[in-house]
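Asks: For the record, in the sequence shown the residue sitting at position 203 is 210 according to my numbering, with numbers rising by one throughout. A virtual CB, placed ideally from N, CA and C, is assigned to each residue, including glycine. In this text the structure is predicted, and so the values were computed from the model without any measurement.
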Amino acid sequence: MSAALAQAPQSATPIIEAVGLHTYYGNSHILHGVDLRIAPGETLALLGRNGMGKSTTIRSMLGFVTPRRGDVYVCGERVNGQPPYQTIRRGIGYVPEGRGMFPNLTVRESLVMAARPGLNGRKDWDLDRVLATFPRLAERFAHLTGNLSGGEQQMVAIGRALMTNPELIILDEATEGLAPLIRKEIWGVIRTIKDTGIATLVVDKNVSVLLDLTDRSMIMVKGHVVYDGPSSELKQQPQLLQEHIGL
Ligand SMILES: Nc1ncnc2c1ncn2[C@@H]1O[C@H](COP(=O)(O)OP(=O)(O)OP(=O)(O)O)[C@@H](O)[C@H]1O
Ligand SMILES: [Mg+2]
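Written out as structure tokens, the structure reads:
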């Protein structure tokens, strides 16, 4: 082994890692060799214009669509071909686009139903902590989620993910369609999640907020990754943001 390799820091096993994903919808080739890795506790922004493959990347990693080529590892174990519920059980809290509410369940039922210990029996997050994080949900505790505002439903969706004591939370367009004040509240919660050491993968159209919030950013263009690096460095490259995101 060369001296340089011997001295390289032992990088921790990624929470999730995708290697060379190629995904198709029918005959449409959507992902063209996407690589993505998230280290424990790391916050990653997945950026790109509409239709560039952000949600497809997430759906491919979790097994909602099956990539034609490439591998996915969760905490070092290959999960190719496993159904989403099995992959998610390995420590992933997934908040999908559109929130995935059960409108006939109350806030309490939605949260309690999701409760489970994390990997190694971790129980940092329980009902009390979720309600303390989202005081608004405490006020709406007995309401049906179908009767909540969009922002409150989003809080239920994130609260539900936290109740599973995840190692990684994936938020796909969590603030879409929400009023500015509620958005700020959601970003505050993402910051709290980050501070507690949970890794986060965030997709959001509010790029400037994400660049401040996240450790690392990836930009996707037509199913290719065109940037993967520190968010602080991307912030210094307005020409890249202009070219690929239109800022
Ligand atoms: N179920 C589907 N069947 C066929 N094509 C799809 C399907 N879902 C997405 N696509 C197409 O795949 C491409 C990537 O879509 P994807 O939803 O991954 O983009 P995205 O980056 O998440 O966009 P957005 O910002 O609009 O959410 C788009 O061209 C889209 O039209
Ligand atoms: Mg999407």
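Give the DSSP-derived three-state secondary structure of R44 in the structure shown.
Replies: Position 37 of the sequence shown, counting from 1, holds the residue named residue 44. R44 falls in the strand class under three-state DSSP.
Asks: By the three-class DSSP mapping on this structure, what secondary structure does D179 have?
Replies: Taking the sequence shown and counting its residues from 1, one reaches residue 179 at position 172. In the structure shown, D179 sits in a strand (DSSP, three-state: E or B).
Asks: Closer than 8 Å is the cut-off here; do at least three beta carbon pairs connect the segment 86-97 with the segment 128-137?
Replies: no
Asks: Any heavy atom of ligand 2 inside 8 Å of the beta-carbon of V210?
Replies: Locating residue 210 in the sequence shown gives position 203, counting from the first residue. True, at least one ligand heavy atom lies under 8 Å from that Cβ.
Asks: If you drop the 5 nearest sequence neighbours on each side, which residues of the same chain put their C-beta closer than 7 Å to that of P103?
Replies: Counted from its first residue, the sequence shown places residue 103 at position 96. D179, listed in sequence order.
Asks: Compare the C-alpha of A145 against each of N172, N154 and E159 and name the closest.
Replies: Here residue 145 corresponds to residue number 138 of the sequence shown, with the count starting at 1. Out of N172, N154 and E159, E159 has the C-alpha closest to the C-alpha of A145.
Asks: Compare the beta carbon distance of L218 and A52 with 9 Å and say whether it is the shorter of the two.
Replies: Position 211 of the sequence shown, counted from the first residue, corresponds to residue 218. Position 45 of the sequence shown, counted from the first residue, corresponds to residue 52. Their beta carbons are under 9 Å apart, which means L218 touches A52 by this criterion.
Asks: Can you round the beta-carbon distance between A223 and P237 to whole angstroms, since I take them to be within the 8 Å contact cut?
Replies: Numbered from 1 along the sequence shown, position 216 holds the residue referred to as residue 223. Numbered from 1 along the sequence shown, position 230 holds the residue referred to as residue 237. Reading off the sequence shown, one finds Arg at residue 223, where the question assumed Ala. About 6 Å separates the two Cβ atoms, so the contact holds.
Asks: Rounding to the nearest angstrom, what Cα-Cα distance links W194 and L188 in this structure?
Replies: The residue labelled residue 194 in the question sits at position 187 within the sequence shown. The residue labelled residue 188 in the question sits at position 181 within the sequence shown. Between W194 and L188, the C-alpha separation is close to 10 Å.
Asks: Rounding to the nearest angstrom, what Cα-Cα distance links I37 and V79 in this structure?
Replies: By 1-based counting over the sequence shown, the position of residue 37 is 30. By 1-based counting over the sequence shown, the position of residue 79 is 72. V79 has its alpha-carbon roughly 17 Å from the corresponding atom of I37.
Asks: Put A10 into one of helix, strand or coil per three-state DSSP.
Replies: On the sequence shown, residue 10 is found 3 positions in, with the first residue counted as 1. Low per-residue confidence applies at A10: pLDDT is 43, beneath 50, and the placement is therefore not dependable enough to give any value.
Asks: Quick one: is L254 buried, meaning 16 or more other Cβ sit within 10 Å of its Cβ, or exposed?
Replies: The residue given as residue 254 occupies position 247 in the sequence shown. Burial call: exposed.
Asks: Please indicate yes or no: does the CB of S62 lie closer than 8 Å to some heavy atom of ligand 4?
Replies: Looking for ligand 4 in the displayed structure turns up nothing; the ligands present are ligand 1 and ligand 2.
Asks: With DSSP run on the structure shown, which of helix, strand or coil describes G253?
Replies: Stepping through the sequence shown from its first residue, residue 253 is reached at position 246. The three-state secondary structure of G253, taken from DSSP, is coil.
Asks: Comparing alpha-carbon positions, which option in V72, S35, G33 and L43 lies nearest V233?
Replies: Translated into the one-based positions of the sequence shown, residue 233 becomes position 226. Among V72, S35, G33 and L43, the Cα nearest to that of V233 belongs to L43.
Asks: Look at the Cβ atom of V114, then the Cβ atom of R147, and state whether they are nearer than 9 Å.
Replies: In the sequence shown, the residue the question calls residue 114 occupies position 107. In the sequence shown, the residue the question calls residue 147 occupies position 140. The criterion of a C-beta distance shorter than 9 Å is satisfied by V114 and R147.
Asks: Helix, strand or coil for L134 per DSSP?
Replies: If you number the sequence shown from 1, residue 134 lands on position 127. DSSP places L134 within a helical segment (H, G or I) once states are collapsed to three.
Asks: Using a Cβ-Cβ cutoff of less than 7 Å, which residues in the same chain neighbour P110 once the five nearest sequence positions on both sides are dropped?
Replies: Reading the sequence shown from its first residue, position 103 is the one you call residue 110. These residues qualify, in order along the chain: L151, T152 and G153.
Asks: Give the single residue among H39, G166, V216 and S62 whose Cα lies nearest to the Cα of L256.
Replies: Outside the modelled stretch of the chain, which goes from 8 to 254, sits residue 256, for which no answer is possible.
Asks: Could you tell me which residues DSSP puts in a beta bridge with D78?
Replies: Counting from 1 along the sequence shown, the entry for residue 78 is found at position 71. The partner list for D78 (beta bridge, DSSP) reads V26.
Asks: For L38, list the residues DSSP reports as bridge partners.
Replies: Counting from one through the sequence shown, the residue named residue 38 turns up at place 31. According to DSSP, which records beta bridges pairwise, L38 is partnered with T30.
Asks: With the cut-off set at 9 Å, would you say I3 and L69 are in Cβ contact?
Replies: Examination of residue 3 is not possible in this model, given that the chain is present from 8 through 254 alone.
Asks: Taking the CB atoms as reference points, tell me whether I22 and E250 lie closer together than 9 Å.
Replies: Counting from one through the sequence shown, the residue named residue 22 turns up at place 15. Counting from one through the sequence shown, the residue named residue 250 turns up at place 243. Not closer than 9 Å, so no.
Asks: Going by Cα to Cα distance, which pick from V210, V119, M108 and I99 is closest to L126?
Replies: For the purposes of this step, residue 126 is identified with residue 119 of the sequence shown, where counting begins at 1. Comparing Cα positions, the closest option is I99.
Asks: Between the alpha carbons of S239 and L118, how many angstroms are there, rounded?
Replies: Counting from 1 along the sequence shown, the entry for residue 239 is found at position 232. Counting from 1 along the sequence shown, the entry for residue 118 is found at position 111. Cα to Cα, the separation comes out at about 35 Å.
Asks: Is any heavy atom in ligand 2 found nearer than 8 Å to the beta carbon of E174?
Replies: As a first step, residue 174 is located in the sequence shown; it is residue number 167 there, counting from the start. Flag unset: Cβ of E174 not near ligand 2.
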